[in-house]
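Everything below concerns the one structure shown next.
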Amino acid sequence: MKDRIHVAVIAGLIALAAAPGRADAPARPGIVLEEFVYTTGPAASVHASTIVELATGELVAAFFGGPAEGDPDVEIWLARKPPDGAWSAPVSVADGRLAGGERVPAWNPVLFEKPGGELLLFYKLGPSPGEWWGMVKSSRDGGRTWSAGRRLGEGLIGPVKNKPVRLESEGQGAIVAGSSTEHDGWRVHVERSTDGGATWRRIGPLETVGEIGAIQPALMTFGNGRLGMLCRTQSENGFMAESWSDDGGRTWSPLAPGVLPNNNSGFDVATLGDGRHLIVYNHSTREQAGMGHKGRGILNVATSDDGRQWNAALVLEHLDAPNRQFSYPAVIQGRDGLVHVVYTWHRERIKHVVLDPGSLPEIPMPDGDWPSEGPASLSAYEELP
């Protein structure tokens, strides 16, 4: 087993009082902090958060928000958190005002810091996911001020939900982003840059094994040019699809069924410094009993050494109630080894959770079945105050 990064967590810093609805709950293994990015928000409905840690150690998070998803007044909002500080109030950094006066909704922001410190904000504009187009703007002061938004090249969407990955084996200029389109069925492709994100080349769409409609890839890195991809699929599938590349994302195996379930909802994965992969997702299918709104009533954390077989680590949230959800997580590992997760909390707020990956239990799931007993089980979660 590879060496595990273990970050010593001083008990007095665990900040249990910040845990929404769990102020008096005992600490759960692996959880360092639970908090909201804001308590009084800028919009009635928020979704699709993203997070990045800057070279300064400051966290920056963004999400879309407005009256309701798809409303023309939906904008991209951004908040920041300095080391040992608190989140700032969210501010609008992008909207869908077009040159002719028309306004369209904004969607799915993705933050990415280029080598050298320039911060990119990818986002989408358009009346629907089947008609949107990719946009990007940049910041040279950590997201305090931004360039004007510009449209990406023909056929480019940008990273559609999840962060791009850098290919260390090819130098800091090589970047791979997972993307997808929905105008001609659900189809996955990759966008690849060899100049640090200045220009991009589209690869795909990927072939599939059978009829698999897939979108929103999350990427894993293995070194020496090997990459793994996990994708959201349409409801009738009930599984994540997976694909593999051995040449730095230039070519990919056909998308095929993976072992983890999927409820037709987004998720994210991060490759950790110790070589493991950590995924945050809804371990459910869309119609599964007891899993809340469209299977988004449960949010889970799992780990893997190879990206194929997974270990149950944590039930992060669970609530079986109509129109309540925990969804669309984004995951990064900070320079101190801690993992940061942001996700949609009932479409009302964005929640931020910090994990110590060295303290998470790892319960093997050879068939992708979540354990019914033990520290990572749903029953253990339900026993909490």
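The opening residue of the sequence shown carries number -8 in my numbering; numbering runs sequentially from there. We put the CB at the ideal spot given by N, CA and C, even for glycine. Fair warning: this is a prediction, and the values are worked out from it, not measured in the lab.
Sequence-distant residues of the same chain with beta carbon closer than 6 Å to P362, five excluded per side: Around P362: A303, I354 and S368.
Can you list, in chain order, the residues of its chain whose CB lies under 7 Å from that of M211, leaving out five sequence neighbours each side? Counting only Cβ-Cβ distances below 7 Å, and skipping sequence neighbours, we find L218, G219, V260, T262, H268 and G298.
A280 to R287 span [Cα, whole Å]: When rounded, the separation of the alpha-carbon atoms in A280 and R287 is 11 Å.
Are the segment 20 to 35 and the segment 309 to 321 touching by the rule of at least three beta carbon pairs closer than 8 Å? In short, these stretches do not touch, since the Cβ pair count stays below three.
When you compare each of V127, D75 and E145 to I139 by their alpha carbons, which one comes out closest? Per the sequence shown, the amino acid found at residue 139 is Ala instead of Ile. With respect to the C-alpha of A139, the residue from V127, D75 and E145 having the closest C-alpha is V127.
Please name the residue in W124, Y334 and D327 whose C-alpha comes closest to that of G48. Measuring from the Cα of G48, the nearest candidate turns out to be D327.
Quick one: does M220 have its CB under 8 Å from some CB of chain C? The structure shown has no chain C; it contains just one protein chain.
Where do the N-terminal and C-terminal ends of the beta strand (DSSP E) with E182 fall, by residue? Residues R178 to S184.
Throw me the rounded Cβ distance for the F258 and A209 pair, which I believe falls under 8 Å. Here F258 really is in contact with A209; their C-beta atoms are around 6 Å apart, less than 8 Å.
To the nearest angstrom, how far is the alpha carbon of G283 from that of Q316? Cα-Cα distance, rounded: 7 Å.
Can you list, in chain order, the residues of its chain with a C-beta nearer than 8 Å to that of V37? Leave out the 5 residues immediately preceding and following it. F54, F55, G56, W68, T335, R338, E339, R340 and I341.
Using only the heavy atoms of the ligand NAD, determine whether one of them is closer than 7 Å to the beta carbon of F230. The ligand NAD is not among the ligands present in this structure, which contains no ligands whatsoever.
Given this structure, state the Cα-to-Cα distance separating P96 from R277, to the nearest angstrom. Distance between the alpha carbons of P96 and R277 is about 26 Å.
Who are N291's beta bridge partners in DSSP? Y272 and V306, per the DSSP bridge assignment.
Taking its Cβ as the centre, do 16 or more other Cβ atoms sit within 10 Å of L375, making it buried, or is it exposed? Burial call: exposed.
Simplified DSSP assignment, three categories, for Y372: The three-state reading of DSSP puts Y372 in helix, counting H, G and I together.
Give the DSSP-derived three-state secondary structure of K105 in the structure shown. K105 falls in the coil class under three-state DSSP.
P391 versus A232: straight-line alpha-carbon distance, rounded: This structure does not reach residue 391, given that the chain is present from -8 up to 376, and the question cannot be answered.
Cβ pair G204, T224 closer than 8 Å: For G204 and T224, yes; Cβs fall inside 8 Å.
Go ahead and label L89 buried or exposed: buried means 16 or more other beta carbons lie within 10 angstroms of its beta carbon, across all protein chains shown. The residue is exposed, with fewer than 16 neighbouring Cβ atoms inside 10 Å.
Candidates D238, P366, A35 and K285: which alpha carbon is nearest V292's? Among D238, P366, A35 and K285, the Cα nearest to that of V292 belongs to P366.
Extent of the continuous beta strand (DSSP E) run through W336: Its beta strand (DSSP E) spans residues V330 to W336.
Under the three-state reduction of DSSP, which class applies to P348: helix, strand or coil? Per DSSP, reduced to three states, the secondary structure at P348 is helical.
Helix, strand or coil for G298 per DSSP? Correct three-state label for G298: coil.
By the 10 Å Cβ neighbour count, where 16 or more other Cβ atoms means buried, how is N215 classified, buried or exposed? It counts as exposed.
On a CA-only basis, which of L45, S40 and P20 is nearest G325? Give me that one, please. Nearest Cα to G325 within the set L45, S40 and P20: L45.
Within this structure, are the beta carbons of I42 and L112 separated by less than 8 Å? In this structure, I42 keeps its C-beta atom at 8 Å or more from the C-beta atom of L112.
Residue closest to G76, alpha-carbon to alpha-carbon, out of G91, R94, V65 and V51: The residue with the shortest Cα to Cα distance from G76 is V51.
Residue span of the beta strand (DSSP E) that contains A232, given as start and end: For A232, the enclosing beta strand (DSSP E) stretches over residues F230 to S236.
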